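Here's the structure we're looking at; comments come further down.
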Amino acid sequence: MLLSARRSWRSAIAVFADRRAVTMLLLGFSAGMPFLLVFSTLTAWLRDYGVSKTAIGYFTWIGTLYAIKFLWAPVVDRVPMPLLGRLLGKRRAWMLAAQLTIMIGLLLMSSLDPVTQLGWIAGCALLVAFGAATQDIAIDAFRIEVAPEDQQAALASTYVLGYRVALIATGAGALFLADLFSWEASYRIMAGLMIIGMATVLFSHEPEHRSIAVIMENEQRVRDFLLRWEGRSPFLRTAGAHFVGAVVCPLVDFLTRYGWLSILVLALIGSYKISDISMAAMANPLYLDLGFSLSEIATVSKVFGVAITIIGGLTGGLVVARFGIMPMMLIGAILVASTNLLFAWLSTVGYSIPALTVTIAGDNFSNGFASTVFIAYMSALTNRDYSATQYALFSSLMNLPAKFIGGFSGTVVDAYGYFEFFLYVAAIGLPAIVLILVLMAIGHWPGRNNEGDSPPP
């Protein structure tokens, strides 16, 4: 059954009750834990200590690690973890190792002073981001492999739900704890919450996937390489074959399946979330500069807002299962771009809890909706034999342009102001809308089991 095929409302809802959906809920929580702690919550910590907006903007580049995770995704895809790999299996071992890295990095951050040790905080944040990106690679592959294609939208929804619950903990929870105790104590508690993800890994089941030996044996390109290098050093021959199988084959597989459409698909992936990601570093500085307290931000943005995001995510998963993916991709792209105008409006209104609530409600619903739809879309593009590598390439491409542009967000705000900045980030979301309309017009409807990408009946 193709991801794009329509289903009844009853069957669309039923897929959420599957045990694997619950597992993805908890793994989504683990994946969401480090994100704000090296991004939005970190910017609030830095701003609270008087760090300049320009310096805070540069911290956005820490997120570049998410964008270049494709560089080590083939290792996660192909290389088993020593000892842990034998005990837990390939996917679960990598998840657990990444979670330990995140916990250690957060504990180290909690011992540092942003005023005198800003560079060290940046280094620890990089360590956390590396662990988080590695965890994402393993979880994404686990999700794609653990369930059939027609359940991917539901798994994406519960994953986003868990992710957003983690954002409540690391957003509102971290801000409340910082108000009550200190930023240092807050980050130590956040590090302890990584135990939830670790327990989930230990009690989950390793998904079925073909062994690396079988995949390589069936790859014509690997066989051709081994034939050409026959008689050479056994070590170089084996290493080269693994490189071809881990790096070359996933790329060629995608390009072969989608042909010239791959250019448009990759352009869409790179631009779909660019508006949303580029503005995120300036949201908390805007709230603080308008006079909102940390507790008000925590209540409206990190509790109410994340609850709205969860509603948006569940709505996205339901309507994708019911109506198909491309129409929902279009709606998501329109929402992501247009809701930035609410932030521009808020910057002119000033301190107003109702205005803050309206802005956050619109932005977070669109974010949850678009994220779920986009995860399902990228999952449908992957080949299960290369799930970690291909999905990492897609998600890296999603992040790289946005993170690079977002690094200059503080500079733009300092030079022109918040109103002009949010108009600008709304405008850069328009190309994604155009690309989706073009792809729909030529019949692109992604599905792992088809190449023609025909729309649903």
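Residue numbers for the sequence shown follow my numbering, beginning at -3 and rising by one. A virtual CB, placed ideally from N, CA and C, is assigned to each residue, including glycine. These numbers were taken from a predicted model, which means no experiment stands behind them.
Start and end residues, alpha helix (DSSP H) containing residue i
i	result
G308	G301 to F319
E180	W179 to G188
W41	S36 to D44
A456	Given a span of -3 to 453 for the chain in the structure shown, any question on residue 456 remains unanswerable.
G58	According to the sequence displayed, residue 58 carries Ile and not Gly. Element bounds for I58: n/a, residue is neither H nor E.
I265	L257 to S267
G439	Unbroken run through G439: none, as it is neither H nor E.
V248	C245 to Y254
E292	L290 to I293
Cβ shell of residue i (< 6 Å), same chain only, five flanking positions each side left out
i	result
M394	I265 and K269
L377	P442
F66	A388, L389 and S392
L310	S153
F361	I304 and G308
S456	What the structure shows of the chain is the stretch from -3 to 453, and residue 456 is not part of that stretch, so it cannot be assessed.
A162	F25, G28 and M29
S48	none
A294	A168, L171 and F172
Cut-off 7 Å between Cβ atoms - residues of its own chain near residue i, not counting five sequence neighbours on either side
i	result
R184	L103 and S106
A437	none
V34	I58, A121, V124 and A125
W179	W41
G313	A149, A150, A152, S153 and T368
I135	L23, A27 and M91
L61	L122, A125, F126 and A129
Contact belief for residue i with residue j at Cβ below 8 Å, rounded distance in angstroms
i	j	result
I304	A357	5 Å
I64	L396	7 Å
T56	A277	5 Å
G287	Y347	4 Å
W275	F418	Just to set this straight, residue 275 is Met in the shown sequence, not Trp. M275 to F418, Cβ: 6 Å. Contact.
Spatial neighbours of residue i in its chain, beta-carbon cut-off 8 Å, leaving aside the 5 residues before and after
i	result
I52	T39, L42, R43, A277, P281 and G406
N379	P246, D249, F250, R253, Q386 and R444
A351	W341, L342 and V345
H440	L257, L260, V261, M322 and D449
F370	Y268, K269, M325, G328 and M394
T19	V142, T196 and S200
A118	F55 and I58
Beta carbon proximity, residue i to chain B, threshold 8 Å
i	result
S36	Protein chain content of the structure displayed is limited to a single chain, and chain B is not contained in it.
- request: Count the CB pairs spanning the segment 287 to 305 and the segment 406 to 425 that are closer than 8 Å, and state whether there are at least three.
  value: no
Are three or more beta carbon pairs between the segment 31 to 51 and the segment 171 to 183 nearer than 8 Å? yes
query: If you pair each beta-carbon of the segment 174 to 181 with each one of the segment 142 to 156, do three or more pairs fall below 8 Å?
result: no
Check your understanding: Should the segment 403 to 419 be called in touch with the segment 318 to 328, which here means at least 3 C-beta pairs below 8 Å?
Key -> no
May I ask you to verify whether the segment 245 to 256 touches the segment 326 to 344, counting CB pairs closer than 8 Å and requiring at least 3? no
Would the segment 128 to 143 count as touching the segment 79 to 99 if we require 3 or more Cβ pairs under 8 Å?
yes
_My parser needs the alpha helix (DSSP H) runs of 4 or more residues fully inside the segment 353 to 435; what are they?_
383 to 402, 405 to 412 and 414 to 423
Counting only runs of 4+ residues fully inside the segment 57 to 89, write out the alpha helix (DSSP H) ranges in chain order. 60 to 63, 69 to 74 and 80 to 84
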